[in-house]
Amino acid sequence: MDTRFSPRSHADLIRLIADHPLAWVVSQDFQATPLPLIAETDMSGAIVSLLGHFARRNPQVAAFQGNPHGLILFQGPQGYISPRLVSRPAWAPTWNYAVIRFEVTVSFVPDETDAAVRRLAAHLEHERRDPWHVEEMGNRYGQLQQHIIAFHAHVRATHATFKLGQDEDRGTFEEIVAGLGEVPLASWMLQQRCLTPR
839 MDTRFSPRSH ADLIRLIADH PLAWVVSQDF QATPLPLIAE TDMSGAIVSL LGHFARRNPQ
899 VAAFQGNPHG LILFQGPQGY ISPRLVSRPA WAPTWNYAVI RFEVTVSFVP DETDAAVRRL
959 AAHLEHERRD PWHVEEMGNR YGQLQQHIIA FHAHVRATHA TFKLGQDEDR GTFEEIVAGL
1019 GEVPLASWML QQRCLTPR
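Last residue of the sequence shown: number 1036 in the working numbering, and the count goes up by one each step with no gaps.
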């Protein structure tokens, strides 16, 4: 992939996952489950693992116990870019997107299930004025917790493509952003181009 489409820093990957936490978790037997995940980083800010939980009855639990290797796929902002947005008659349509593919090794950590659920809930609720807490479930929380199991997906390799208009000349890029309006895709395009959002 063109190096122009590489993320600028670890922070870009962390932000994509924080904004779009639902990922496809794919095991070696081609089973896949969409799950919300949290990125875990080292001292340098690099993502070293992803934290989540499965329903214990999900067949992927047994699949990963048998073979821990898999893929995790995140999709961030994306959208069709029509030639109608630009003034160049010969310009071809394209699709802009930001995606991450992690090669991982999954390890189950049942003793961390409570902490994992609490971390995920806190992350997803943090922007609410009155965030929900697991204690509000009362005794039902403990009952439901018996049916799930936490895991760490340890990152073996990271492949990210942020195709967000970096290959366009400035005039065409500005026309596209103006035509898209105030949508997340336009904001991400501006940030990857190191321009201030309007």
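All C-beta atoms, glycine included, are put in the ideal place defined by N, C-alpha and C.
- Minimum Cα-Cα distance from residue 872 among the listed residues 882, 880, 881 and 860 corresponds to 860.
- In this structure, DSSP gives residue 853 a helical state, which the three-state scheme calls helix.
- Between residue 893 and residue 986, the beta carbon gap of about 6 angstroms places them in contact (Cβ cut-off 8 angstroms).
- As computed with DSSP, residue 862 is found in a beta bridge with 872 and 911.
- Taking the C-beta atoms as reference points, residue 952 is found nearer than 8 angstroms to residue 983.
- In the three-state DSSP reduction, residue 899 falls in the helix class (H, G or I).
- Within the DSSP secondary-structure output, residue 877 pairs in a beta bridge with 888.
- Taking the C-beta atoms as reference points, residue 943 is found nearer than 8 angstroms to residue 992.
- As a beta-bridge residue in DSSP terms, residue 916 pairs with 935.
- By the 16-neighbour rule on beta-carbons within 10 angstroms, residue 890 is buried.
- Restricting attention to 884, 862, 856 and 847, the CA atom closest to the CA of residue 994 is found in 884.
- Note that the C-beta distance between residue 1029 and residue 842 is not below 8 angstroms.
- Counting C-beta atoms within 10 angstroms of its own C-beta, residue 988 has 16 or more neighbours from the protein chains shown and is therefore classed as buried.
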